[in-house]
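When the letters of the sequence shown are read in order and numbered with this note's numbering, they come out as residues -19 to 598.
Note that CB positions come from ideal geometry on N, CA and C, so glycine has one too.
Worksheet for the structure shown next.
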Amino acid sequence: MKKILLCLLCVPLLAWADESPAPETGHSKMVRLVQRIRVADDFSYDREVDSEYKVFTEQGARQEGRIPVSYSKAFSEMEVVLAETIKADGRHIPVPPSGIARQSGSLGLYTQKDLEIINLALPDFAAGDSAHMILRSRNKPLFPGSFSFAYAPKQTLVQDSTEIQLDVPAKLALQLDVVGFKKVQDEVVDGRHKLSWRFNQAVAETTETQQTDARISQPHVWISSFASWDAMAAMYRELYLPQATVTPEIEALAKELTAGAESDRDKARRLYDWVRKNIRYIAIYAGLEGWVPHPASQVLADRFGDCKDHAVLLNTLLKVVGIEAVPVLIQADLVNYRLPGVAAPQQFFNHMISYLPGMDLYLDSTSVSTEFGRLPDGDQGKEVLRAGLARAVGTTPASQAENRQSKRTSKILINADGSASVTTTLWFSGDFLGWYEQFRQSIGKGKENTWAAQQLGAQKKRGRASLKWLPETNGWRGMVITQTVENYLPDGEIGLLDFGHVYVGTASIFPVLDLFESRSRKSSFNCMAMDVSDTVEITLPDNLKLLRLPRSQKLSSDVARLQVEYADKGGRYTMQRSFHWEPDRAGSCQASDWDAWQQSMRQMRSAAKSAVLAYERN
């Protein structure tokens, strides 16, 4: 998958109790979590989080013994009212001054000038103890004239008692989406609307393989003063437009790059290619800059920016040549595909791309290795917010098998002493090219053979190995891996040989087939399309006798086709396998789909897993 550089940072308070990484299921539980939120007439709000978190194991204590509390100084004033360890015997040990450290200015790939992180080290924290903390913050609204809130309890934790208490002006109209919580208060008192919800979970849930859209289906509380996503998009557009001003420098560049272009599509291609290849990804921002781009003129002058900056520069260049382009807020990942019914922007966007309405075309100019007209995997099949269109919510194109193809060929020549020569050739096209280009970059120029040798060692083999890149052919790009292996065959009179490759890259069929191994499924799952063909030829020496060659099979269903053919060519044994997987879905399939497809997909999995040749030594 093409790695996406994400840039939208949800800047309100990140409380440790519900936002920090949780230990594995069984190490801890949430004893109590109460969030109290009071919204003022100007949409500013006070928030108090009172939480107690108990760990049962030393692993849980190690993982949760340091609590990071992060917030934006541009939006919030933070006070740590209380932070303490509650020992198993009931003693309370406050976090001492020496256990409090502050840092600011960055978070991973990003430089957020107003970011503040308070690190709290819990004293004498061990299995059986609890962490108790009270945080208070005074916050500005994320967007002017609006209020929104989003919370979802961790399903991998037992939750004894979780409560959300909301106090807002009675005149403030709210959109609510509450799932899995019990309403315990809903009344208007002295001009204030007071609502509260409670949640508990006695058994921790486990996450299913390749689970998608959990935030939609699992318990949550989403609140927004926006009447709709269209309303939020209209507001966002007003913040965005001043940054997309055409300057003489932008106008000159756009005209220079598109001189002689024969169509609008050609113009768009040229401008897109220039931005993705010439604007480096560097994210530096403060305050609302986490959501609103820098001016396009500044991005052009700096020659760097984050995803929003890439998008605003591309859109402004397109405007010069008469092509409409609007900013698109999107969640770029392989997990979240749908937007909720309530326009609560926190947690639902982390990236910005461009949309050209006249061509019905989405472009991600942050993705250096994604060619014009395509999208990285994490952008495909997503419900998105298009700021500037009357119907703001749209859906990016879903993956298609014809655009995600891979061809792999391996020749394995085994010698009488058990050594072997192995050559594997891999070809990729379409959307897989993004992965291919990033793979090349990750290895580094001149380090191909080092990588190949490491692969050989990882397979517990001795010998020599090399990697060579192949010239592009008709839009396909490839590589060839060559191995000379001293200990290819294990000891023993009888053995098995896998009709497999030394490396398959991004297009393995088994993550898809293995989805259907379980007995049941409750959640939606990732179902990106692919079309993969494999050819393997194994040549045995005279001192090895074939005992069993798998049978050929041809299986199909409404969403997949698998064909496997085996042949005995007198000492040379071949497998030709093709797998075509193309659910008619946006990228996320439902549990009901799994039920309908399970039987046929299990048969295909069994057929694919049986690609094993049995032999004995003469």
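If TYR595 sits next to LEU524, beta carbons under 8 Å apart, how far is it from one beta carbon to the other, in whole angstroms?
-> 5 Å
According to DSSP, what are the bridge partners of LYS163?
-> TRP177
Decide if ARG528 is buried, meaning its Cβ has at least 16 other Cβ atoms within 10 Å, or exposed.
-> Label assigned to ARG528: exposed.
Could you tell me how far apart the beta carbons of PHE505 and ALA591 are, in whole angstroms, since I believe they sit closer than 8 Å?
-> That pair is no contact at about 24 Å.
For my contact list, ILE114 and GLU57 are in at a C-beta cut-off of 8 Å; report their separation, rounded to the angstrom.
-> Contact flag wrong, Cβ pair sits at about 15 Å.
What do you reckon, are the CB atoms on LYS206 and SER84 nearer than 9 Å?
-> The residue asked about is misnamed: residue 206 is Phe in this sequence, not Lys. No, these two residues do not count as a Cβ contact at 9 Å.
Same chain, Cβ closer than 6 Å to VAL168, five either side skipped, listed in chain order = The residues are ALA150.
Using 10 angstroms around the beta-carbon of VAL322, count the other beta-carbons present and answer buried if the total reaches 16, otherwise exposed.
-> Burial call: buried.
Nearest-angstrom beta carbon gap, GLY458 and PHE408 [assumed within contact, 8 Å] | 7 Å
Please go through the same chain and pick out, in chain order, the residues whose beta-carbon is closer than 8 Å to the beta-carbon of GLU497, but skip the five residues on each side of it.
-> ARG582, ARG585
Close Cβ partners of ARG501 (< 7 Å) along its chain, the five nearest in sequence each way excluded = GLU188, ALA571, TRP574
In this structure, does DSSP put LEU447 in helix, strand or coil?
-> Strand at LEU447.
Reduced DSSP secondary structure (H/G/I, E/B, other) of CYS569 = strand
Take LEU100 as the anchor and find which of THR65, ARG71, SER390 has the nearest alpha-carbon.
-> THR65
Of the listed residues ALA248, LEU297, LEU137, nearest to ALA232 (C-alpha basis) = LEU297
Residue from ASP69, ASP140, ARG118 whose Cα sits closest to the Cα of GLU59 = ARG118
Quick one, which of GLY475, LEU476, ALA432, ALA291 has its alpha-carbon nearest THR462's?
-> ALA432
Return the CA-CA distance between GLN39 and GLY338, expressed in angstroms with no decimal places.
-> When only Cα atoms are considered, GLN39 and GLY338 end up about 55 Å apart.
Would LYS67 pass as a contact of ASP104 if the rule is Cβ separation under 9 Å?
-> In this structure, ASP104 lies closer than 9 Å to LYS67 by Cβ.
Name the DSSP beta bridge partners of MET508, please?
-> Answer by DSSP bridge pairing: none, since MET508 is not bridged.
Residues that DSSP places opposite PHE129 in a beta bridge | ILE203
Could you tell me if GLY472 is buried or exposed, where buried requires 16 or more neighbouring beta carbons within 10 angstroms of its beta carbon?
-> exposed
Same chain, Cβ closer than 7 Å to ALA372, five either side skipped, listed in chain order | TRP209, ASP210, ALA213, LEU365, ARG366
Three or more C-beta pairs below 8 Å linking the stretch 247 to 255 and the stretch 327 to 345 = yes
Along the chain, where does the alpha helix (DSSP H) that runs through GLU229 open and close?
-> 228 to 238
Exposure label - TRP177; buried when at least 16 CB within 10 Å = buried
Reference ASP411; option with closest CA among ALA487, SER52, GLN311, TYR261 = Comparing Cα positions, the closest option is ALA487.
What are the boundary residues of the alpha helix (DSSP H) that includes PRO325?
-> Counting along the chain, PRO325 sits inside no alpha helix (DSSP H), nor does DSSP assign it H or E at all.
Nearest-angstrom Cα separation, counted from LEU476 out to LEU319 | Rounded to whole angstroms, the gap between the alpha carbons of LEU319 and LEU476 is 49 Å.
Give me the Cα-Cα distance between LEU137 and LYS34, rounded to the nearest whole angstrom.
-> 11 Å
Taking the C-alpha atoms as reference points, what is the distance between ILE474 and LEU495?
-> 32 Å
Provide the residue span of the alpha helix (DSSP H) that contains LYS215, from first to last.
-> First, the residue type needs correcting, since residue 215 is Met and not Lys in the sequence shown. First-last of the alpha helix (DSSP H) with MET215: 209 to 220.
Please report how far the alpha carbon of ALA194 lies from the alpha carbon of GLN181, in whole angstroms.
-> About 16 Å.
DSSP beta-bridge partners for LEU309?
-> MET332, LEU365
What does DSSP give as the partner residues of VAL516 in its beta bridges?
-> SER390, MET555
Pull up the distance between the alpha-carbon of PHE284 and that of GLN327, whole angstroms please.
-> 26 Å
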